[in-house]
Every structure is written in C-alpha cells, then in structure tokens.
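In full-length UniProt numbering, the protein residues as written are 1 to 128.
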C-alpha cells in the first residue's frame with residue numbers, strides 16, 4: 001500500500017502603484033510636507049481601500065484611499081522611502097489589512113521596510 005501527500009500553497013501579493021505626476025521621481029520638497037497636517041492614525045488600513053501612494057517625506061509613504069482620505073505610513077528607522085518611487089508590494093495577512101508593527105512594504109528593487117505607524121492626514125489651512 002502506498003500513501004501520497006499533496007500540499008497546495010497559494011501566495012497573493014498586492015501591488016500598490018504610485019500616484020502619477022510625471023515620469024521621473026521628484027525629490028520631496030519642504031513645501032509639500034506642509035500641505036498636510038498629521039493627526040493620530042489607525043493601527044491598520046484595509047488593503048482593498050488603498051488606490052495609490054506618493055512620496056513626500058524621506059521616511060514615509062503617503063497612501064491615497066478610495067474614499068479620498070490620506071494616511072502617512074511612517075517607515076522603520078533607517079528606511080528611505082525613495083526606494084519605493086515605482087510602487088511597492090504587500091503580502092496581505094488573513095485579515096486583509098496593512099498594519100503597523102506587523103507588515104512590511106517591499107520595493108520592486110528588493111528592499112523591504114517595516115511600517116512603524118500610520119498618521120491620518122488633513123489638508124493644512126493656508127496661512128494668511
């Protein structure tokens with residue numbers, strides 16, 4: 001009598017594109033950082049709600065959601081967000097969320113950075 005075992009594994013990777021402005025990645029400018037005010041953010045964000053991303057700071061990636069909200073994903077110490085200029089990949093957990101302290105963003109170049117935390121972004125009021 002012979003026994004056989006078959007194991008099937010499935011791996012899903014979600015790609016998040018960068019918001020398009022131009023062809024070459026622009027360096028973050030100090031003015032762009034001041035366009036948004038940071039507030040306390042959630043621990044997790046639903047992956048299905050993320051539509052695109054942009055780089056405004058050296059150590060963070062701004063996430064643009066389907067409902068027009070914005071969140072800033074702060075990267076772990078030593079991670080430079082410019083490595084993610086062409087987008088990034090995420091391996092979703094069973095809950096379908098991207099969580100700080102748990103998940104990592106993977107650049108197309110092979111770099112990988114953990115998320116330290118999320119900050120909710122609100123449009124800054126213009127100074128008069």
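Even glycine gets a Cβ: it sits at the ideal position worked out from N, Cα and C.
All of these numbers come straight from a predicted model, not from anything done at the bench.
Confirm, please, whether the CB-CB distance from residue 125 to residue 112 is below 7 angstroms. Going by C-beta atoms, residue 112 is not nearer than 7 angstroms to residue 125.
Check for me: the beta strand (DSSP E) holding residue 62 runs from which residue to which? Element bounds for residue 62: 60-65.
Considering just the uninterrupted stretch of the beta strand (DSSP E) at residue 48, what are its terminal residues? Where residue 48 is concerned, there is no enclosing beta strand (DSSP E), given that its DSSP letter is neither H nor E.
Kindly examine the ligand ZN and report whether one of its heavy atoms sits closer than 6 angstroms to the Cβ of residue 126. No copy of the ligand ZN appears in this structure; indeed no ligand is present at all.
Straight-line gap, residue 18 to residue 94 (C-alpha atoms, nearest Å): If I take the Cα positions, the gap works out to 24 angstroms.
Endpoints, beta strand (DSSP E) assigned at residue 89: For residue 89, the enclosing beta strand (DSSP E) starts and ends at 88-90.
With 16 other Cβ atoms within 10 Å as the buried cut-off, status of residue 27: Only weak support exists for where residue 27 lies, its pLDDT of 47 falling under 50; the value from the coordinates is given anyway. Around the beta carbon of residue 27, a 10 Å sphere encloses fewer than 16 other beta carbons of the protein chains shown; the residue is thus reported as exposed.
Can you tell me whether residue 18 is helix, strand or coil according to DSSP? It is a strand residue.
Selection from 60, 100, 115 and 122 that minimises the alpha carbon distance to residue 68: For residue 68, the nearest C-alpha among the options comes from 122.
Whole angstroms are fine: how far does the CA of residue 1 sit from the CA of residue 91? Spanning the two alpha carbons is a distance of roughly 40 angstroms.
In the DSSP assignment, find the unbroken beta strand (DSSP E) run with residue 81 in it and report its ends. Looking at the DSSP string, residue 81 is not in any beta strand (DSSP E), and its letter there is neither H nor E.
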